[in-house]
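All the letters of the sequence shown, read from the start, carry residue numbers 1 to 88 under UniProt numbering.
Please read the structure below before turning to the comments.
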Amino acid sequence: KRQGILHERIPVRSPERNPNIERFFRTLKEEYIMLNEFAGYGSFIKGLDKFIMEYNTIRPHQSLGYMTPSKFYEEILRNNVSRGVLVV
Numbered sequence: 001k002r003q004g005i006l007h008e009r010i011p012v013r014s015p016e017r018n019p020n021i022e023r024f025f026r027t028l029k030e031e032y033i034m035l036n037e038f039a040g041y042g043s044f045i046k047g048l049d050k051f052i053m054e055y056n057t058i059r060p061h062q063s064l065g066y067m068t069p070s071k072f073y074e075e076i077l078r079n080n081v082s083r084g085v086l087v088v
């Protein structure tokens with residue numbers, strides 16, 4: 001709350017109410033957790049940081065027109081700034 005982040009709760013057993021995060025967790029499980037063995041929590045976290053960085057900057061996303069999330073965000077900023085609007 002101090003950082004202005006709203007925590008939204010959804011009813012139990014209703015993944016259709018939160019499809020974006022459900023899809024992220026599925027991808028995380030299929031492309032990171034199931035494909036690796038971890039020596040411990042530290043190696044899991046270190047690899048997780050790398051996975052998230054690649055997920056946001058290298059891996060194209062079908063739902064974003066095969067752009068990476070970082071490229072998609074850049075496009076939003078560029079388009080809004082060129083129209084004199086900045087959305088943060």
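Each residue gets a CB set at the ideal place from its N, CA and C atoms; glycine is no exception.
Beta bridge counterpart(s) of Met67 as assigned by DSSP: His61
Quick one: what's got a C-beta closer than 7 Å to Ile10's C-beta in the same chain, skipping five residues either side? Arg17 and Asn18
Count the CB pairs spanning the stretch 24–32 and the stretch 44–62 that are closer than 8 Å, and state whether there are at least three. yes
Nearest candidate by alpha-carbon position, reference Gln62, set Arg23, His7 and Ser43: Arg23
What does the alpha-carbon distance come out to for the pair Glu37 and Ser43? 9 Å
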